[in-house]
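Report on one structure; see the data block that follows.
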Amino acid sequence: MYFDIKDLVEFYSDTSLGKRTASSLSKTLNHLFKSGKGEMILGYGFTTPLLKPYLEHFEKAVSLMPSLQGAINWPKSSNNVSILVNEAFWPVETESVDTVL
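See below:
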């Protein structure tokens, strides 16, 4: 089951629970991923709230969004790195990604 992209954006952007959830998850992930210099991080699903802090630390950050969920242009501050994908077919070469969320 997928939630609609508009509902996900609203939850993580406009609700205190969504903001706290993203913050808590980000703090946990920060302990796991200290450095990403020269590396690529990829998120699948609605991972933009979690990937945002890594835009500056990793060589490349990409968000794959399932077609049943929908997609948004992300990040708003620079070139789009989100891709609408079929959940069974990711446009990613074998061994080209260092970290997957």
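One rule links them: number in our numbering = place in the sequence shown (from 1) + 402.
All C-beta atoms in this analysis are idealised placements derived from N, C-alpha and C, irrespective of residue type, glycine included.
| Assigned secondary structure, residue 465 (DSSP; H/G/I helix, E/B strand, else coil) | Correct three-state label for residue 465: strand.
| field | Assigned exposure category for residue 445 - 16 Cβ within 10 Å defines buried | value | Residue burial is scored here from C-beta neighbours: residue 445 has at least 16 other C-beta atoms within 10 angstroms and is therefore classed as buried.
| request: Would you check if the distance between the CB atom of residue 402 and the CB atom of residue 484 is smaller than 7 Å? | output: Outside the shown range of the chain (403 to 503) lies residue 402, about which nothing can therefore be said.
| request: Would you please state the rounded distance, in angstroms, between the beta carbons of residue 405 and residue 471? I believe it to be under 8 Å. | output: 7 Å
| For residue 472, which of helix, strand or coil comes out of DSSP? | coil
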